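Remarks on the structure that follows.
Numbering (my numbering), first residue to last: 216 to 344.
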């Protein structure tokens, strides 16, 4: 299992380095990675080591029909608060976008996030060549 997670975590650390603003740039930079709580103890330990932060545990039942606990690692403000959706919460991506922007997905999955991060990484790499 370690090799599988190692193959995932090393590229994520590289992505973080490439998309993180340059030193002195005051632009906010937020990141979030997730994985199921059912992972092995040694896999979790390795991820804790590589990401250098503790996860928050959230159950998807709070915001969707799914009932599954997940670990979230990140630096989002307030991510340690209890998660509960209300009628006024914006749970669809389109509701969260700036006026005039059109969402390609209704909700983001990790696959969509990684595709987005990969595009940023490639664009940034090409721009800096």
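For each residue, glycine too, the CB sits at the ideal point set by N, CA and C. All values derive from a computational prediction rather than experimental measurement.
Measuring straight from C-alpha to C-alpha, what distance separates residue 237 and residue 230? Within the chain shown, residue 237 is the residue found at index 22, counting from 1. Within the chain shown, residue 230 is the residue found at index 15, counting from 1. Spanning the two alpha carbons is a distance of roughly 14 Å.
Three-state secondary structure assigned by DSSP to residue 253: Residue 253 sits at position 38 when you count from the first residue of the chain shown. Reduced to three states, the DSSP call for residue 253 is coil.
With a cut-off of 8 Å on the beta carbons, I'd call residue 197 and residue 286 a contact; round off their distance for me. The structure shown has nothing for residue 197, since the chain only spans 216 to 344.
Bridge partner(s) assigned by DSSP for residue 289: Position 74 of the chain shown holds residue 289. Note: residue 289 sits in a beta bridge opposite 247.
Note down the Cα distance separating residue 288 from residue 269, rounded to an integer number of angstroms. Here residue 288 refers to the residue found at position 73 when the chain shown is read from its first residue. Here residue 269 refers to the residue found at position 54 when the chain shown is read from its first residue. Going from the Cα of residue 288 to the Cα of residue 269 covers about 6 Å.
For the alpha helix (DSSP H) that contains residue 310, what are its first and last residues? One-based indexing of the chain shown puts residue 310 at position 95. Its alpha helix (DSSP H) spans residues 308 to 311.
In chain order, what residues of the same chain have a beta carbon less than 8 Å from the beta carbon of residue 312, not counting five sequence neighbours either side? Counting from one through the chain shown, the residue named residue 312 turns up at place 97. Excluding sequence neighbours, residue 312 sits near 318.
Please say whether residue 235 and residue 245 have beta carbons closer to each other than 8 Å? The count along the chain shown starts at 1 and reaches residue 245 at position 30. The count along the chain shown starts at 1 and reaches residue 235 at position 20. Not a contact, by the Cβ cut-off of 8 Å.
Judging by CA-CA distance, which residue of 253, 265 and 274 is the nearest neighbour of residue 232? Here residue 232 is taken as the residue at index 17 of the chain shown, counted from 1. Minimum Cα distance to residue 232 is reached at 265.
Assuming contact is defined by CB atoms lying nearer than 8 Å, are residue 272 and residue 256 in contact in what I supplied? Numbered from 1 along the chain shown, position 57 holds the residue referred to as residue 272. Numbered from 1 along the chain shown, position 41 holds the residue referred to as residue 256. Cβ distance not < 8 Å, so residue 272 and residue 256 don't count as in contact.
Secondary structure at residue 284, three-state DSSP: helix, strand or coil? Counted from its first residue, the chain shown places residue 284 at position 69. Correct three-state label for residue 284: strand.
Residue 226 versus residue 262: straight-line alpha-carbon distance, rounded: In the chain shown, counting from the first residue as 1, residue 226 sits at position 11. In the chain shown, counting from the first residue as 1, residue 262 sits at position 47. Using only the alpha carbons, I get a separation of about 12 Å.
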